[in-house]
Structures are given as structure tokens and as C-alpha cells.
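What follows is one structure encoded as C-alpha cells, with my remarks underneath.
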Amino acid sequence: MKEIQPIAIPGIHERFLPFFLKNIGNRRKVLDAGAGHGAMSRKLHELGFQVTALDFNKELYQCKEVPFVEADLTQSLPFPDASFEIIIAVEVWEHITCQQRFLQESMRVLKPGGLLFISTPNILSLKSRFRFLFTGFFYSFKPLEINLNDGLQHISSQSYDQIVWMASLSGFQLLETETDKKQNTSCALMIFYPFILLINILRKSSSRHNQKTLLLGRILFFRFIKPI
Numbered sequence: 000m001k002e003i004q005p006i007a008i009p010g011i012h013e014r015f016l017p018f019f020l021k022n023i024g025n026r027r028k029v030l031d032a033g034a035g036h037g038a039m040s041r042k043l044h045e046l047g048f049q050v051t052a053l054d055f056n057k058e059l060y061q062c063k064e065v066p067f068v069e070a071d072l073t074q075s076l077p078f079p080d081a082s083f084e085i086i087i088a089v090e091v092w093e094h095i096t097c098q099q100r101f102l103q104e105s106m107r108v109l110k111p112g113g114l115l116f117i118s119t120p121n122i123l124s125l126k127s128r129f130r131f132l133f134t135g136f137f138y139s140f141k142p143l144e145i146n147l148n149d150g151l152q153h154i155s156s157q158s159y160d161q162i163v164w165m166a167s168l169s170g171f172q173l174l175e176t177e178t179d180k181k182q183n184t185s186c187a188l189m190i191f192y193p194f195i196l197l198i199n200i201l202r203k204s205s206s207r208h209n210q211k212t213l214l215l216g217r218i219l220f221f222r223f224i225k226p227i
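Reminder that position 106 of the sequence shown reads as 105 in numbering that gives the first Met the number 0, one-by-one numbering, no gaps.
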């Protein structure tokens with residue numbers, strides 16, 4: 000069987016799976032939202048999950064074992080209420096234009112007690128902050144091609160608390176956050192950490208954005224739950 004190459008940055012799928020597999024209980028019905036080539040859909044299918052893949056471009060999809068639905072994540076999802084026990088959106092958040100609509104629709108099609116997993120680049124890492132300082136773009140973001148709408152550009156850079164706030168607005172509760180790995184550049188830039196602490200003290204700012212996990216991590220993993 001030919002291996003399906005993910006669209007995501009190399010290594011993210013391998014690091015996402017352990018985060019996904021812990022604490023999911025007996026939930027098995029999964030919507031892979033923004034499935035891309037279908038690499039993650041196949042992995043979950045091979046692990047025994049009942050997977051439905053969804054994306055807006057069926058031409059990219061390569062996983063014949065998993066049924067595919069062509070749809071736009073920023074519009075109404077073509078499923079009845081309470082259709083799924085889990086929704087995953089791996090490296091999708093930064094590609095879509097209306098995250099709030101996606102969250103609302105995810106809330107609708109999830110069963111009570113269902114889980115929503117999101118991964119997205121961590122723009123709060125020290126590497127990302129310095130990159131923005133010198134280039135005007137966060138880590139994993141670059142100038143947009145104005146006339147291109149292929150769904151592959153990174154168009155939405157949002158921080159940890161912005162994502163959590165938006166999910167909460169749609170009714171989700173945050174269960175857990177992790178990062179996929181530490182960035183070597185961010186680790187080297189920790190020499191500036193005392194200055195960050197000092198500025199927070201002087202400005203009486205919240206230290207939430209300056210947790211070491213956020214300062215060092217490359218990709219953010221979120222696990223949300225739809226309350227019962």
C-alpha cells in the first residue's frame with residue numbers, strides 16, 4: 000500500500016497521535032476535518048476508528064479506505080446533529096477564514112461529551128516572537144499571495160488564549176494543551192527570559208502568555224470537550 004504523505008509539517012502527525020490517543024475512552028466515531036491527502040485518516044482507520052474525512056478539495060484526497068465528504072469547513076457541515084464522538088483538525092485552523100463558524104458547527108455535530116482536537120502553529124514561542132520582530136511574520140507564516148485561494152496558505156495567526164476564548168464562546172471547555180516539541184532556537188533565546196519576567200512584573204501583566212511551554216513549543220495541541 001502506497002504511503003500517504005501528510006500536507007502538515009513533517010513529524011506533527013507522529014507527535015499528535017499520542018496526544019490524541021490518551022483519555023479518549025471508548026469514543027470511536029471520528030471526523031477528520033481538513034483531511035488533506037488523508038494521511039491521518041488512514042492512521043486512525045488502521046487503529047480501528049470509524050473515520051469520515053472532510054475537505055474542500057477531493058482532488059487532493061488519496062485514502063481509499065476512508066469515506067470522503069467534500070465540504071467547506073467555514074460553512075454548514077453536511078451532517079446531522081450529534082453525528083460524531085471526536086473531531087480532529089490537525090494543522091487546519093491557520094488555513095480557514097471563519098474559525099468561529101467551524102467551532103459552532105463542530106459543537107453541533109459532536110455528541111454531548113464529544114472531543115474536539117485542534118493543532119496549529121504556536122505564535123507565542125520565542126522563535127516566533129523574534130521572527131515577527133524582524134520580519135513582521137510569525138513562525139510558519141509568510142506574505143500571502145493575494146490572488147491565490149487554494150486553501151493551503153496560512154492566513155490566520157492566533158495565540159493560545161485567542162483560540163481558547165473562541166472555543167469557549169462556542170460552548171467548548173478546554174481539557175488539555177500540549178506542544179509537539181521544543182524549538183532549538185526558542186531554547187537558545189531563553190537568555191531573554193529574565194527580561195520577560197521583569198517586564199511582566201513592571202507592567203503587572205498576565206504571565207499566561209509567557210509560560211515556558213508556550214515560549215518553547217513549536218505546535219500547539221488542544222483538546223476540548225462538548226459538555227454533557
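We put the CB at the ideal spot given by N, CA and C, even for glycine.
Between E93 and S75, the C-beta gap is not smaller than 8 Å, which leaves the two residues out of contact.
E13 carries a helical assignment under DSSP once its states are collapsed to helix, strand and coil. Where K211 is concerned, the enclosing alpha helix (DSSP H) starts and stops at 211-215. Straight-line measurement puts the Cα of L213 at about 9 Å from the Cα of I122.
In this structure, the straight-line span from the alpha carbon of N148 to that of C186 is close to 35 Å. The residue among R14, M0, L201, R41 with its C-alpha nearest the C-alpha of G216 is R14. CA-CA distance, G24 to E144, rounds to 43 Å. Boundaries of the beta strand (DSSP E) harbouring F223: 218-224, taken from the DSSP string. Counting only residues of its own chain and dropping the five nearest sequence neighbours on each side, A32 has a CB closer than 7 Å to the CB of L53, L72, I86, I87, A88, V91. Here C97 has T73 as same chain residues with Cβ atoms under 7 Å from its own Cβ, once five neighbours each way along the sequence are excluded.
Counting only runs of 4+ residues, the alpha helix (DSSP H) found wholly inside the segment 4-65 occupies 11-20, 38-45, in chain order.
Between T176 and F221, the CB-CB gap stays under 8 Å. Exclusion of the five residues before and after L125 leaves S185, L188, L214 as the residues of its chain whose Cβ lies within less than 6 Å of its Cβ.
Secondary structure note for A88: its beta strand (DSSP E) is the uninterrupted segment 83-89. In the three-state reduction of the DSSP assignment, F67 falls in the strand class, which pools E and B.
The three-state reading of DSSP puts F140 in coil, since its state is none of H, G, I, E or B.
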